[in-house]
Amino acid sequence: MRTYFMFIFWLLCVQLSLAQVTQRNILANKYNLLAVQQSLVPKNQWKPYPTTPEEWRKKLPDSIFNKLIKTGETTLKYKFEPISATMSLDFVRSGDRQQHGNLSFGKRNALMNLVLAESLENQGRFTEAIMNGVWSICEESYWGVPAHISSTGLPDVENPVVDLFAAETAAVLALTDYFVGEKLDKINRLLRSRIYYETKQRIFTPMAKNGDKYGWMSQTKPVNNWNPWIMSNWITAILLLEKDEKQRAEMLHHSMRGLDRYFNSLGDDGGCDEGPSYWFAAGASAYDCLELYTSATNGKIDIYGDPLIKKMASYVYKTHIADNYFVNFADADPKLTPDGLMLYRFGKAIKDETMVQFGQWSFKTFPAASTAVSGYQRPRRLNNILSVVQLANNNFSYTPAPDAWFADIQVMTTRNASGMYLAAHGGHNAESHNHNDVGDFIIYLNGKPMIVDAGRGNYTARTFSSKRYELWFTQSEHHNLPIINGLGQKSGQEFAAKNVSRIMTPKESGMSMDIASAYPAEAGIQSWNRTVLLKRNQDEVELTDEYLLKQKPKSLQQVFMTVGNVNLVEAGKIIISDGFLSMTLRYDAKKWTATTELPSTEGMEYSSFKTKWDSKPVRRIILTNTAPEAKGKFVYSFKRD
Numbered sequence: 009m010r011t012y013f014m015f016i017f018w019l020l021c022v023q024l025s026l027a028q029v030t031q032r033n034i035l036a037n038k039y040n041l042l043a044v045q046q047s048l049v050p051k052n053q054w055k056p057y058p059t060t061p062e063e064w065r066k067k068l069p070d071s072i073f074n075k076l077i078k079t080g081e082t083t084l085k086y087k088f089e090p091i092s093a094t095m096s097l098d099f100v101r102s103g104d105r106q107q108h109g110n111l112s113f114g115k116r117n118a119l120m121n122l123v124l125a126e127s128l129e130n131q132g133r134f135t136e137a138i139m140n141g142v143w144s145i146c147e148e149s150y151w152g153v154p155a156h157i158s159s160t161g162l163p164d165v166e167n168p169v170v171d172l173f174a175a176e177t178a179a180v181l182a183l184t185d186y187f188v189g190e191k192l193d194k195i196n197r198l199l200r201s202r203i204y205y206e207t208k209q210r211i212f213t214p215m216a217k218n219g220d221k222y223g224w225m226s227q228t229k230p231v232n233n234w235n236p237w238i239m240s241n242w243i244t245a246i247l248l249l250e251k252d253e254k255q256r257a258e259m260l261h262h263s264m265r266g267l268d269r270y271f272n273s274l275g276d277d278g279g280c281d282e283g284p285s286y287w288f289a290a291g292a293s294a295y296d297c298l299e300l301y302t303s304a305t306n307g308k309i310d311i312y313g314d315p316l317i318k319k320m321a322s323y324v325y326k327t328h329i330a331d332n333y334f335v336n337f338a339d340a341d342p343k344l345t346p347d348g349l350m351l352y353r354f355g356k357a358i359k360d361e362t363m364v365q366f367g368q369w370s371f372k373t374f375p376a377a378s379t380a381v382s383g384y385q386r387p388r389r390l391n392n393i394l395s396v397v398q399l400a401n402n403n404f405s406y407t408p409a410p411d412a413w414f415a416d417i418q419v420m421t422t423r424n425a426s427g428m429y430l431a432a433h434g435g436h437n438a439e440s441h442n443h444n445d446v447g448d449f450i451i452y453l454n455g456k457p458m459i460v461d462a463g464r465g466n467y468t469a470r471t472f473s474s475k476r477y478e479l480w481f482t483q484s485e486h487h488n489l490p491i492i493n494g495l496g497q498k499s500g501q502e503f504a505a506k507n508v509s510r511i512m513t514p515k516e517s518g519m520s521m522d523i524a525s526a527y528p529a530e531a532g533i534q535s536w537n538r539t540v541l542l543k544r545n546q547d548e549v550e551l552t553d554e555y556l557l558k559q560k561p562k563s564l565q566q567v568f569m570t571v572g573n574v575n576l577v578e579a580g581k582i583i584i585s586d587g588f589l590s591m592t593l594r595y596d597a598k599k600w601t602a603t604t605e606l607p608s609t610e611g612m613e614y615s616s617f618k619t620k621w622d623s624k625p626v627r628r629i630i631l632t633n634t635a636p637e638a639k640g641k642f643v644y645s646f647k648r649d
């Protein structure tokens, strides 16, 4: 008789269940158009942000107040350059996104710096530069980025496309109108009318006519971070620019039905298949939307109590490893600086004390991430700096989550009391920002990466094209996975884990799955049952692969990725270290030989790997089976030294 319980949480194995859309329609079912019309505060009465120096001083610490004006002074030297056709075509010609992005994003950041400085100071010395910034941006043929219209290279002005950055631009101009609109009127009344005209042509009208045609507004297929990110900026523009109250309410209700499509795309556990770094553009942007709804209706539109919203929020702290490391499967980054003030505010809104404490810890540890006003999600950044005073007495007690399980995306995390951390996932190979990585796992010691998911490289034309899986960082051959008959996994929803189980006992924690279906038929796999377990009291992770092939394979390899120092000290034993920390990987020396290699960091797509992991090189450990059989069982041990 076993002396402990095994709690196994299992998932449906039908792949379609992993990407279904559940028609919850949380907002639309609770609030119809009439309810929005009756609760919406009129534009001339809605004052979400300070507009005078006196109001600003009451809300901001002197340090931030003075810094914003100083930043505006520095920005007075900025010259608003036009975006040429050559620069717009650079993406389709070379695949580079940075040249256009640096200029486009720089203009919007500069305008916001000037606008805030003028609003805080109110002396008129920034208005001429603001005028030039507004005019320059309005003169652009397209407010988005060429990567999002790659089929044409140049924008079709007769068919405006609403992408992430067109929506961001609309919000920047709407905030400009709100903060300094009356001052622009004194220069020339055509300035504000130009802001409204261009926003209507590029955002309001396309959303009314073509909104449902955009993939990120799909009602039948899951949508990703694009949806709430765009919604949050669209809502800002609606509320601050639209003077017709009937249209204002109709568009706001339309945005609520649009945001529902993101909530409908989530599984019941609220997991974000894009990873924590994208959560700050996805779940956090959904919060930005909800905050705008609540503010603009004096709290009458409020769904913070819905269980899905609470679960969506908790995902981010449940995937926190230590310091600024987060679980990073697929395109998610391994390191990010969490926005503590936003997390604190979100936690307060949903009454989640752990999230509140996580926000307090994040703000104390990474204050600059919350108080910077340059960058995306500008309404969020404004609300952040206006809430700094709430955390003046930052007393908190944050403890990272010991275990987490997201059945909807098949991701588990666990840690023991002495600092060994394991995360693993099943899923399928058509997730948002997907890598072919079904069955991958990561191991950290005391917050330091030992076995890693390398993460993504730089975004270029190839990253989101038919050539995506030619890039080494997207291939299963560069994840902690087997290579069978020389073949790695394939992309597509049908390439998925089956028989996925979460395992939790007093002595061990992990998951098991059959990853055979993630590989093409040519690999000849009948079953490949993988179990990865953290031995709670032994500072050890044990990986077991038990498999059955259709016939004896020509080759069989197992890959492990690391950013630690690697010492092939002796057959059957590999030491992975980081400073004073070390871990020994043990394998059967009678069956395997070990080698290492450094994947390329040369070229546009790979240059970020030179610095991504604190400038530590990503290294691939390759175990090659010396006499592969059609049936077998392999056990690997990762134990703290």
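The sequence shown begins at 9 in this note's numbering and counts up one residue at a time. Even glycine gets a Cβ: it sits at the ideal position worked out from N, Cα and C. Given the structure is predicted, the values throughout are model-derived calculations rather than measurements.
In this structure, Leu76 lies near Val381, with their beta-carbon atoms less than 8 Å apart.
In the three-state scheme derived from DSSP, where H, G and I count as helix and E and B as strand, Phe646 is classed as strand. For Val549, the enclosing beta strand (DSSP E) stretches over residues Glu548 to Leu557.
When the Cα atoms are used, Ser590 and Asp649 turn out to be separated by approximately 6 Å. Cβ contact annotation for Asn33 (same chain, cutoff 6 Å, sequence separation greater than five): Asp268, in chain order. With contacts defined by Cβ atoms closer than 8 Å, Val165 and Ile157 do not form a contacting pair. Counting the other CB atoms within 10 Å of its CB gives Val577 a total below 16, which places it among the exposed residues. Here the stretch 561-568 does not lie against the stretch 467-479, with fewer than 3 beta-carbon pairs under 8 Å apart.
Secondary structure note for Arg389: its alpha helix (DSSP H) is the uninterrupted segment Arg386 to Ile393.
Three or more Cβ pairs drawn from the stretch 333-353 and the stretch 383-392 lie within less than 8 Å of each other, which places the two stretches in contact.
Excluding the 5 residues flanking it on each side, Tyr614 has same chain C-beta neighbours closer than 6 Å at Gly465 and Ser608, in chain order. Classified as buried, Tyr323 has 16 or more neighbouring CB atoms from the shown chains inside 10 Å of its CB.
One thing to note: Phe646 has its Cβ no nearer than 8 Å to the Cβ of Val574. Listed in chain order, the non-local C-beta contacts of Tyr477 below 7 Å within the same chain comprise Asn444, Gln483 and Ser499, local neighbours out to five positions each way being set aside. Contact between the stretch 328-342 and the stretch 72-88 is absent, with fewer than three C-beta pairs closer than 8 Å. Beta-bridge annotation (DSSP): Trp536 is paired with Tyr555.
Counting C-beta atoms within 10 angstroms of its own C-beta, Tyr205 has fewer than 16 neighbours from the protein chains shown and is therefore classed as exposed.
Taking 4 residues as the minimum length, the alpha helix (DSSP H) runs contained wholly in the stretch 56-82 are 61-67, in order along the chain. With fewer than 16 other Cβ atoms from the protein chains shown falling within 10 Å of its own Cβ, Lys359 counts as exposed.
With distances taken between CA atoms, Trp621 lies nearest to Asp586 out of Asp586, Ile203, Thr305 and Glu439. Non-local C-beta neighbours of Cys280 in its own chain, meaning closer than 7 Å and more than five positions away in sequence, comprise Tyr286, Trp287, Ala290, Gly291 and Tyr323, ordered along the chain.
For Ser616 and Glu610, the gap between their C-alpha atoms comes out near 9 Å. Secondary structure note for Asp185: its alpha helix (DSSP H) is the uninterrupted segment Leu172 to Ile195. Counting of Cβ neighbours within 10 angstroms places Leu248 among the buried residues, the total reaching 16 or more.
Per DSSP, Met320 is not a residue of any beta strand (DSSP E); the alpha helix (DSSP H) it occupies stretches across Pro315 to Lys326.
Per DSSP, Glu516 is one residue of the beta strand (DSSP E) stretching across Glu516 to Asp522. Beyond the five residues adjoining it in sequence on each side, Asp339 comes within less than 6 Å, by CB distance, of His441 and Arg464 in the same chain, given in chain order.
The residues Trp413, Ala432, Arg510 and Met519, in chain order, have a CB closer than 6 Å to that of Met420 in the same chain once the five nearest residues on each side in sequence are set aside. Within its own chain, the residues whose Cβ lies closer than 6 Å to the Cβ of Ala638, once the five positions on either side in sequence are excluded, are Leu557, Gln559 and Lys560, listed in chain order. In the three-state reduction of the DSSP assignment, Gly496 falls in the coil class, being assigned neither a helical nor a strand state. Taken atom to atom, the span from the alpha-carbon of Ala529 to that of Ile492 is near 11 Å.
Around the beta-carbon of Val626, 16 or more other beta-carbon atoms lie within 10 Å, marking it buried.
Judged by DSSP in its simplified three-state form, Lys217 adopts helix. Spatial neighbours of Ile246 in its own chain (CB-CB distance under 8 Å, excluding positions within 5 residues in sequence) are listed in chain order as Phe212, Arg256, Met259, Leu260 and Ser263.
According to the DSSP secondary-structure assignment, Gln566 is paired through a beta bridge with Pro490 and Leu631. Across the structure, Arg265 and Arg210 are spaced so that their CA atoms are roughly 20 Å apart.
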